[in-house]
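Participant: Before I ask anything, let me first share the structure, which is written out below as structure tokens.
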């Protein structure tokens, strides 16, 4: 279902909160890099939406920054990496999974 | 304190001076000057705040960039400003018009020719007509209809700059200017916004706000400059939180590195609190500006009826300026703190990663930190 810009902003903030809540000490270097890059992309998209006067708040949302659009691959890598973990290990990364899923849902 | 002392002097001497129209005129001119000084200072602070927001955004960008580079990443190095040139120009037009109005009042009050004021404002009045609600950050709390109405109402102020000769008296200008000034204040109040929802209605609609009502009664939803600054502070704070967590995994890191990270983590949060306080007090100052203008209008009306100058009205302008002086100092102090954080950015982040710093693509990367 198409999201409005207002819904998208709320979802991005949820994704950001979840990504920020993830304990990064268990992340390998490459995934930490992906995470930091994704966080920067989500932040940039939030600020772009906040600074921009949306002409029609119910208009269908399309990502407004290139950086957020391009971070889809980083988010997918994070998602694939967690999915490849044993089930008991995946629980450690539940916040990461939540944040990544929400952010990816906005890029479909 | 000196200004407050002036109020007491005025209170003490006014009853004795009320019969003397020359001195009353002087006092009236001084009150208009005080009001004008306050408006100009308030405009400067608002301009400064947008610039501070950009600096906070830049600081977060730099901190994130450096952390990613330290981790061996390949970050996007293009800094995206928060506001476009046209966004800034629109606000500048509004603030220039506000200043122009205040300076016009001073010129009329002191009997000076208005030609120089008109010359300065010629471009501004044109710019005001070009403004649309899309130039401002209002969608968080206002419908498009109300936003458009607000911006249209604001553009009315340009009519005050082309008054015929016979209307170049203070009272008619102030009477007509009051509505436009109030709308400008409301527009800027919404544009500065809120860090959190101030109405339970925000989750599904716009809060009910009467745009002709007292500014103090306005209820906003999260958004505007305060929310943007809060997001920027939160982003940078989280970069430093991640750095601290990362440092815990690095055996060779010293307590000095951790102390630096902790200091930065705390400093940026304190800066955010001070900056939000400044923005909140700027909104209160917008209310004070409207109240001071109302008091000025009342003073002028009363002055037409009698030769006395109400002290209460005079004190509102002086207190408005006093408030602005405090804010100007706070803004300068925040800028200084922000500059210190930016300058020490490189030194504070001089962490050497323990693993290979070549760009990592994320494939076959299960190297635990």
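Protein chains in written order, with the working numbering: chain C, 426 to 533; chain Z, 2 to 370.
Glycine residues also receive a C-beta, built at the ideal position from the N, C-alpha and C atoms.
Just to confirm my understanding: we take residue 329 of chain Z, look at its own chain, exclude 5 residues before and 5 after, and list those with CB closer than 8 Å. What are they?
Facilitator: Only 42, 45 and 46 meet the Cβ criterion.
Participant: Would you tell me roughly how many angstroms separate the C-alpha atoms of residue 468 of chain C and residue 525 of chain C, rounded to the nearest one?
Facilitator: Their backbone Cα atoms lie some 13 Å apart in a straight line.
Participant: Please name the residues in the segment 57–76 of chain Z whose beta-carbon is closer than 9 Å to at least one beta-carbon of chain C, in chain order.
Facilitator: Those would be 58, 61, 62, 65, 66, 68, 69, 72, 73, 74, 75 and 76, in chain order.
Participant: Under 8 Å between C-beta atoms, does residue 469 of chain C make it to chain Z?
Facilitator: So yes, residue 469 of chain C belongs to the interface.
Participant: In the DSSP output, which residue or residues are listed as bridge partners for residue 485 of chain C?
Facilitator: For residue 485 of chain C, which the question treats as bridged, DSSP gives the partners C:429.
Participant: Determine the extent of the alpha helix (DSSP H) in which residue 477 of chain C is found, giving its start and end residues.
Facilitator: Unbroken run through residue 477 of chain C: none, as it is neither H nor E.
Participant: Distance, Cα to Cα, residue 157 of chain Z vs residue 179 of chain Z?
Facilitator: So the two alpha carbons sit approximately 11 Å from each other.
Participant: I need the DSSP call for residue 179 of chain Z, collapsed to helix, strand or coil.
Facilitator: Helix.
Participant: Using a cut-off of 8 Å between C-beta atoms, extract the partners of residue 224 of chain Z located in chain C.
Facilitator: Within 8 Å Cβ-Cβ: 475.
Participant: Can you give me the C-alpha to C-alpha distance between residue 319 of chain Z and residue 198 of chain Z, rounded to a whole angstrom?
Facilitator: Each residue's Cα considered, the two are about 33 Å apart.
Participant: So, is the C-beta of residue 443 of chain C closer than 8 Å to a C-beta in chain Z?
Facilitator: Residue 443 of chain C does not count as touching chain Z.
Participant: How would you write the range of the alpha helix (DSSP H) that residue 511 of chain C sits in, first residue to last?
Facilitator: Per DSSP, residue 511 of chain C belongs to no alpha helix (DSSP H) and is neither H nor E.
Participant: Three or more C-beta pairs closer than 8 Å, one from the segment 239–253 of chain Z and one from the segment 208–217 of chain Z: is that the case here?
Facilitator: No: fewer than three Cβ pairs fall under 8 Å.
Participant: Determine contact between the segment 500–519 of chain C and the segment 449–462 of chain C, defined as no fewer than three beta-carbon pairs at a distance below 8 Å.
Facilitator: Touching, yes, given that three or more Cβ pairs across the two stretches are closer than 8 Å.
Participant: Which ranges would you report for the beta strand (DSSP E) in the segment 297–343 of chain Z if only whole runs of at least 3 residues count?
Facilitator: Complete beta strand (DSSP E) runs here, min 3: none at all.
Participant: Would you call the segment 228–238 of chain Z and the segment 186–196 of chain Z in contact, with 3 or more CB pairs under 8 Å?
Facilitator: The segment 228–238 of chain Z vs the segment 186–196 of chain Z: in contact.
Participant: According to the Cβ coordinates, are residue 470 of chain C and residue 488 of chain C closer than 8 Å?
Facilitator: Yes, the Cβ-Cβ distance between residue 470 of chain C and residue 488 of chain C is below 8 Å.
Participant: Report yes if the CB atom of residue 132 of chain Z is closer than 8 Å to the CB atom of residue 91 of chain Z, and no otherwise.
Facilitator: Closer than 8 Å, so yes.
Participant: With a threshold of 8 Å between beta-carbons, can residue 48 of chain Z be considered close to chain C, or not?
Facilitator: No, residue 48 of chain Z lies away from the interface with chain C (no Cβ there is under 8 Å from its Cβ).
Participant: Residue 243 of chain Z versus chain C: which residues are under 9 Å apart at the beta carbon?
Facilitator: Chain C residues near residue 243 of chain Z: 445, 449, 457, 460, 461 and 464.
Participant: Chain A partners of residue 246 of chain Z, CB-CB under 7 Å?
Facilitator: Among the chains of the structure shown, chain A does not appear; the protein chains present are C and Z.
Participant: From this set, Z:247, Z:154, Z:251 and Z:264, which residue's C-alpha is nearest residue 212 of chain Z's C-alpha?
Facilitator: For residue 212 of chain Z, the nearest C-alpha among the options comes from Z:154.
Participant: Under 8 Å between C-beta atoms, does residue 229 of chain Z make it to chain C?
Facilitator: Residue 229 of chain Z counts as touching chain C.
Participant: Sort out for me which residues DSSP pairs residue 195 of chain Z with in a bridge.
Facilitator: Looking at the DSSP assignment, residue 195 of chain Z forms a beta bridge with Z:224.
Participant: Closest to residue 344 of chain Z by CA distance: which of Z:63, Z:29 and Z:49 is it?
Facilitator: Of the listed residues, the one whose Cα sits closest to residue 344 of chain Z is Z:63.
Participant: Just grab the DSSP bridge partners of residue 208 of chain Z for me.
Facilitator: DSSP lists no partner for residue 208 of chain Z.
Participant: Can you check whether the C-beta of residue 528 of chain C is within less than 8 Å of a C-beta belonging to chain Z?
Facilitator: No - not a single Cβ of chain Z is within 8 Å of the one on residue 528 of chain C.
Participant: Taking only the alpha-carbon atoms, compute the straight-line gap between residue 138 of chain Z and residue 252 of chain Z and give it to the nearest angstrom.
Facilitator: Straight-line Cα distance between these residues: approximately 47 Å.
Participant: Tell me whether the segment 31–40 of chain Z and the segment 286–304 of chain Z touch, counting them as touching only if at least three CB pairs, one residue from each stretch, are closer than 8 Å.
Facilitator: The segment 31–40 of chain Z, when compared against the segment 286–304 of chain Z, does touch it at the 8 Å Cβ threshold.
Participant: Evaluate residue 485 of chain C with the Cβ neighbour count: other Cβ atoms within 10 Å of its Cβ, from every protein chain shown; 16 or more gives buried, anything less gives exposed.
Facilitator: By the neighbour-count rule (16 or more Cβ atoms within 10 Å), residue 485 of chain C is not buried but exposed.
Participant: Give the interface partners of residue 52 of chain Z over in chain C, defined as CB-CB distance under 8 Å, in chain order.
Facilitator: Per Cβ cutoff of 8 Å: no residues; residue 52 of chain Z is ~14 Å from chain C at best.
Participant: For residue 489 of chain C, go through chain Z and note every residue whose CB falls closer than 8 Å to its CB, in chain order.
Facilitator: None at all; the shortest Cβ gap to chain Z is about 11 Å.
Participant: For residue 82 of chain Z, list the residues DSSP reports as bridge partners.
Facilitator: None, per the DSSP bridge assignment.
Participant: Taking C-beta to C-beta, are residue 497 of chain C and residue 532 of chain C nearer than 8 Å?
Facilitator: A contact, by the Cβ cut-off of 8 Å.
Participant: For a contact meaning CB atoms closer than 9 Å, what does residue 138 of chain Z contact in chain C?
Facilitator: Going along chain C in sequence order, the residues near residue 138 of chain Z (Cβ under 9 Å) are 475, 476, 477 and 478.
Participant: What is the residue span of the alpha helix (DSSP H) that residue 524 of chain C lies within?
Facilitator: That run of the alpha helix (DSSP H) goes 519–530.
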